[in-house]
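For the protein sequence lines, the chains are A and B, in the order given. Following this note's numbering, the numbering of the first sequence begins with 1 at its first residue and continues without gaps. Following this note's numbering, the numbering of the second sequence begins with 254 at its first residue and continues without gaps. A short worksheet on the structure shown next.
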Amino acid sequence: MNTPGVKAIYRFEMARTRRTLLQSIISPVISTSLYFVVFGSAIGSRITQIDGVSYGSFIVPGLIMLSLLTQSISNASFGIFFPKFTGTIYELLSAPVSYFEIILGYVGAAATKSIFLASIILATASLFVPLHIAHPVWMVVFLAMTAVTFSLFGFIIGIWAENFEKLQLIPLLIVTPLVFLGGSFYSINMLPPFWQTVTLFNPVLYLISGFRWSFYEIADVSVSTSLIMISVFLGLCIAIICWIFKTGYQLKD
Amino acid sequence: MSALIRVSNLSKTFAGGFTALDHIDLDIERGEILALLGPNGAGKTTLISIICGIINPTTGTVTVDGYDIIADYRKTRALIGLVPQELATETFENVLATVTFSRGLFGKTPNPEHVEKVLTDLSLWGKRHARIKELSGGMKRRVMIAKALSHEPRILFLDEPTAGVDVELRKDMWQLVRILRESGVTIILTTHYIEEAEAIADRIGIINHGRIILVEHKAELMRKLGKKELVLDLRHSLAAIPTALAAYNIELSADGRQITYTFDSNQDRAAITHFLDNLTAAGVQFKDLKTEQSSLEDIFVSLVNEAE
Chain A
1 MNTPGVKAIY
11 RFEMARTRRT
21 LLQSIISPVI
31 STSLYFVVFG
41 SAIGSRITQI
51 DGVSYGSFIV
61 PGLIMLSLLT
71 QSISNASFGI
81 FFPKFTGTIY
91 ELLSAPVSYF
101 EIILGYVGAA
111 ATKSIFLASI
121 ILATASLFVP
131 LHIAHPVWMV
141 VFLAMTAVTF
151 SLFGFIIGIW
161 AENFEKLQLI
171 PLLIVTPLVF
181 LGGSFYSINM
191 LPPFWQTVTL
201 FNPVLYLISG
211 FRWSFYEIAD
221 VSVSTSLIMI
231 SVFLGLCIAI
241 ICWIFKTGYQ
251 LKD
Chain B
254 MSALIRVSNL
264 SKTFAGGFTA
274 LDHIDLDIER
284 GEILALLGPN
294 GAGKTTLISI
304 ICGIINPTTG
314 TVTVDGYDII
324 ADYRKTRALI
334 GLVPQELATE
344 TFENVLATVT
354 FSRGLFGKTP
364 NPEHVEKVLT
374 DLSLWGKRHA
384 RIKELSGGMK
394 RRVMIAKALS
404 HEPRILFLDE
414 PTAGVDVELR
424 KDMWQLVRIL
434 RESGVTIILT
444 THYIEEAEAI
454 ADRIGIINHG
464 RIILVEHKAE
474 LMRKLGKKEL
484 VLDLRHSLAA
494 IPTALAAYNI
504 ELSADGRQIT
514 YTFDSNQDRA
524 AITHFLDNLT
534 AAGVQFKDLK
544 TEQSSLEDIF
554 VSLVNEAE
C-alpha cells in the first residue's frame with residue numbers, strides 16, 4: 001500500500017477546497033438558506049405538516065441530499081478531470097499508485113468534502129427549524145454511503161468528460177432533476193397514483209427516503225429497499241471504475 | 254553489465270490504427286546518458302510513455318532493474334522520474350506544495366531537506382511560495398524537473414527538456430544533467446537540439462517511424478559515420494577537374510577557385526597526403542586549405558534520410 005501516495009492525493013484535493021472556500025462551502029450554504037426561505041416560507045405556509053412533521057423540517061433531509069449528491073459528483077468529477085485538462089495526469093499515471101489507491105485519494109477527498117458540507121447544511125437548517133434525528137447511526141450510514149457512491153459516480157463522469165460542457169452535462173440535465181423529482185420537497189404520497197409509480201423508477205427517491213427515515217421514521221419506501229438500491233448503485237459504480245482502469249479508457253491512450 | 258532498462262520487441266498501435274512503435278529493442282545501461290533523436294512523430298514520446306506507465310504497450314516487454322513494468326509497476330515506477338514535453342503544471346498551486354505532492358505520490362515520506370535541496374539546485378527556493386501560474390515558462394520547466402527529482406529517482410526521463418528555454422537555462426540544465434549522472438542517475442533524454450545530444454550524451458539512439466535505426470556510443474558514431482572534407486582555395490581557377498584527379502571524390506566550385514575533397518579518414522589514414530601529392534603532380538597550386546568534420550546533425554539527417 002502506497003500510504004504516502006494516498007495521503008498526497010487526499011491532501012492535495014482537500015487543499016483545493018481551502019483555495020476555493022467560497023465556491024466549495026459558502027455558496028452551497030447560501031443556496032440552502034435560500035431554499036429554506038423560499039420553500040419554508042412560501043410553500044410551508046400552505047403545507048403545514050407532512051406525515052406529522054412540519055414542512056420546514058420535512059425538507060431538511062432532501063436539501064442535505066441535494067447538496068450531498070451534487071457536491072459529491074462535482075468534487076470528484078472536477079478532481080480527476082482537471083489533471084486531464086491541464087495534462088498533469090501524466091504524473092498520476094506514472095506514479096507507483098494502484099487504481100484502488102487513486103480512487104481512495106480522490107473519492108475519499110470528494111466524499112469528505114461533501115459530508116463536511118452536509119454537516120454544515122444540517123447545522124444551518126437547525127437555525128431555521130427544529131430537528132430531530134431518530135436514528136443517528138443510520139443517518140451517518142446513509143450519508144456516508146451516498147457520498148461515496150456519488151463521488152464514485154462523479155469520478156466516472158470526470159474520466160468520461162472530454163471538456164467542461166460534458167463535465168456539467170449529467171449533473172445538470174440528469175442528477176439535479178432526479179433529486180428535485182425524487183421527493184426532496186414532498187412525499188410521493190402527495191402525487192397522483194400514476195406519478196407515484198413513475199417516481200419509483202427514480203433511484204434518488206430511495207436515497208432521500210432512507211435518509212429521511214433516519215430523521216423522522218417516515219419513508220416513501222422501506223428502509224431495506226433504500227439500502228439495497230444504494231448498494232446496487234455503489235456496486236455498479238465500482239464495476240464501471242474497474243472496467244475503466246482495466247482498459248485505460250480515456251486515460252492511457 | 255546487465256542493462257538497467259531492457260525494451261524487447263515493443264510495439265504500440267493506437268486505437269485509430271497508427272503504429273507509433275514497431276518492434277523496438279533497446280538496452281539502456283546503468284549510469285549513462287542516452288539521447289534519443291528523431292523527427293516529430295518518430296515514436297520517442299510513446300516509447301518513454303510506455304516505460305513510465307502512461308501508455309499501455311500493444312506487444313512486447315519492458316524491464317527496469319530486472320522488474321517488469323506491468324507486473325512490478327510499483328518497483329519500476331518508484332525508480333523513475335519523468336519530465337514530459339508539455340508544460341503541465343498545477344497552475345493554482347505553489348511551488349513547494351506541488352513538489353511535496355510529487356514526492357508523496359511516489360511513495361516517499363516527507364523530507365523537507367531534500368525538497369529544499371532540489372529547489373535550491375534549480376534556483377527555485379526563492380520562489381517556493383509563488384503560485385505556478387505566476388512563473389515564467391523557463392521557471393515552470395524547472396518546477397517540472399523539481400517534481401521529477403523530488404522522489405530521488407535512479408532513472409530520469411527528460412522529454413525535450415530544453416524546448417523553448419533560453420540559452421542560459423539550457424546550459425544550466427545540461428550542467429544539472431551532468432551532476433545527476435555523476436551521482437549515478439541514468440538519464441534518457443529526447444531532443445530536437447542535436448548539439449544538446451552532442452554536448453551531453455554518452456550514447457545516441459536514432460528513432461524514426463517507430464523503429465530504432467541505430468544506437469551507438471557518441472564517439473564511435475562520429476568515428477564510424479563522420480566524414481571529413483578538405484577544402485582548398487586555388488591560386489588559379491580551373492575550368493575542369495584534371496583527369497589525374499578523377500579517381501578522387503572531389504567537387505569544383507562554380508567559379509573554379511575552390512576544390513572540396515570528401516574522404517573517410519578511418520579507411521585511409523594517409524588520404525590527405527596522397528591527395529595533395531597527386532594534386533601537386535597534376536600542376537594544381539593552392540593558397541590555403543582547411544579541413545571540416547561532419548557534425549552529429551549531418552549524421553542524423555543522413556541516417557533519417559537513408560531510412561526513408
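Idealized CB from N, CA, C, for every residue including glycine.
Interface partners of residue i on chain B, CB under 8 Å
i: Val107(A); result: By Cβ distance, chain B contributes nothing, its closest Cβ being about 16 Å from Val107(A), past 8 Å.
i: Arg18(A); result: Those do not exist, as Arg18(A) stays about 11 Å from chain B at its closest Cβ, beyond 8 Å.
i: Tyr99(A); result: Those within 8 Å of Tyr99(A) in chain B number zero; the least Cβ separation is about 11 Å.
i: Lys252(A); result: Ile307, Ile308, Asn309
i: Gly5(A); result: Gly357, Leu358, Phe359, Gly360
i: Ala15(A); result: Glu346, Ala350
i: Asn163(A); result: Going along chain B, no residue has its Cβ under 8 Å from Asn163(A), so there is no contact; the nearest lies around 17 Å.
Cross-chain neighbours of residue i in chain B, by beta carbon under 9 Å
i: Ile9(A); result: Phe354, Gly357, Leu358
i: Leu93(A); result: Ser302, Cys305, Gly306, Ile307, Ile308
i: Gly248(A); result: Ile308, Asn309
i: Asn202(A); result: Residues of chain B passing the Cβ test: none, with the nearest at roughly 36 Å.
Extent of the continuous alpha helix (DSSP H) to which residue i belongs
i: Ser31(A); result: 27–35
i: Tyr90(A); result: 89–93
i: Pro365(B); result: 365–374
i: Val175(A); result: Unbroken run through Val175(A): none, as it is neither H nor E.
i: Lys113(A); result: 99–128
i: Ile133(A); result: Element bounds for Ile133(A): n/a, residue is neither H nor E.
i: Gly235(A); result: 223–247
i: Pro203(A); result: 203–216
i: Gln196(A); result: 193–199
i: Leu181(A); result: Taken as a continuous stretch (DSSP letters only), Leu181(A) belongs to no alpha helix (DSSP H), as it is neither H nor E.
i: Ile525(B); result: 524–534
Paired residues, beta bridge with residue i - DSSP
i: Glu545(B); result: Glu482(B)
i: Asp321(B); result: Thr316(B)
i: Leu505(B); result: Ile512(B)
i: Gln49(A); result: Ser54(A)
i: Asn347(B); result: Arg384(B)
i: Phe78(A); result: Answer is none; Phe78(A) lacks a bridge partner.
i: Phe539(B); result: Leu487(B)
Interface partners of residue i on chain A, CB under 8 Å
i: Ala454(B); result: Ordered by position in chain A, no residue passes the 8 Å Cβ test against Ala454(B), which lies about 23 Å from the chain.
i: Tyr320(B); result: The contacting residues do not exist; Tyr320(B) stays about 11 Å from chain A at best.
i: Tyr326(B); result: Pro96
i: Lys400(B); result: Glu91
Local Cβ density within 10 Å of residue i, reported as buried at 16 or more and exposed below that
i: Tyr206(A); result: buried
i: Phe36(A); result: buried
i: Met145(A); result: buried
i: His404(B); result: buried
i: Trp195(A); result: exposed
i: Met65(A); result: buried
i: Met190(A); result: exposed
i: Trp213(A); result: buried
i: Leu127(A); result: exposed
i: Phe267(B); result: exposed
i: Met1(A); result: exposed
i: Phe359(B); result: buried
i: Lys379(B); result: The question names Lys, but residue 379(B) in the sequence shown is Gly. It counts as exposed.
i: Gly319(B); result: exposed
N-terminal and C-terminal residue of the beta strand (DSSP E) that residue i is part of
i: Thr20(A); result: Thr20(A) -> no beta strand (DSSP E), and no H or E assigned at all.
Neighbour list for residue i in chain A, Cβ cutoff strictly below 9 Å
i: Lys393(B); result: Correct list: empty, because the minimum Cβ distance to chain A is about 12 Å.
i: Glu339(B); result: Gly87, Tyr90
i: Leu335(B); result: Tyr90, Glu91, Ser94
i: Thr342(B); result: Thr86, Gly87, Thr88
Under 7 Å from the C-beta of residue i: neighbouring residues of chain A
i: Phe345(B); result: Arg19
i: Arg330(B); result: Ser94, Ala95, Pro96
Amino acids of chain B, ordered along the chain, whose beta-carbon sits closer than 7 Å to that of residue i
i: Phe39(A); result: Going along chain B, no residue has its Cβ under 7 Å from Phe39(A), so there is no contact; the nearest lies around 36 Å.
i: Phe12(A); result: Phe354
i: Asn189(A); result: By Cβ distance, chain B contributes nothing, its closest Cβ being about 48 Å from Asn189(A), past 7 Å.
Task: Length-filtered (4 minimum) alpha helix (DSSP H) runs lying within the segment 379–422 of chain B - done: Every alpha helix (DSSP H) of 4 residues or more that sits fully in the segment 379–422 of chain B is shown, in chain order, as 390–402.
- [ ] Please go through the segment 429–496 of chain B and give each complete alpha helix (DSSP H) segment of 4 or more residues, from N-terminal end onward.
- [x] Those alpha helix (DSSP H) runs which fall completely within the segment 429–496 of chain B and span 4+ residues are 447–453, 471–478.
Task: Segments assigned alpha helix (DSSP H), at least 4 residues, entirely inside the segment 258–338 of chain B - done: Listed in chain order, they are 297–305, 326–332.
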